[in-house]
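Participant: Numbering (my numbering), first residue to last: 62 to 119.
Got a structure for you, questions after.
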């Protein structure tokens with residue numbers, strides 16, 4: 062019976078750790094995606110604006 066409790070505790074900790082790791086991975090992935098999306102939007106905005114936009118210092 063004691064080993065069953067140990068097994069249950071280990072399984073509970075395992076699930077908690079996997080959930081936390083999954084959360085960290087999702088946060089990192091979303092952050093990287095967001096930065097790439099913003100960068101792409103800024104680049105396209107600069108390309109559409111033309112040289113006058115860049116020369117004005119904006």
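Glycine residues also receive a C-beta, built at the ideal position from the N, C-alpha and C atoms.
Please read these numbers as outputs of a predicted model, since none were measured by experiment.
In angstroms, rounded to a whole number, what distance separates the CA positions of residue 103 and residue 87?
Facilitator: Using only the alpha carbons, I get a separation of about 24 Å.
Participant: When the Cα atoms are used, what is the spatial distance from residue 64 to residue 72?
Facilitator: One C-alpha to the other measures close to 12 Å.
Participant: Give every residue of the same chain whose Cβ lies closer than 8 Å to the Cβ of residue 98, excluding the five residues on either side of it in the sequence, and list them in chain order.
Facilitator: Nothing meets the Cβ criterion.
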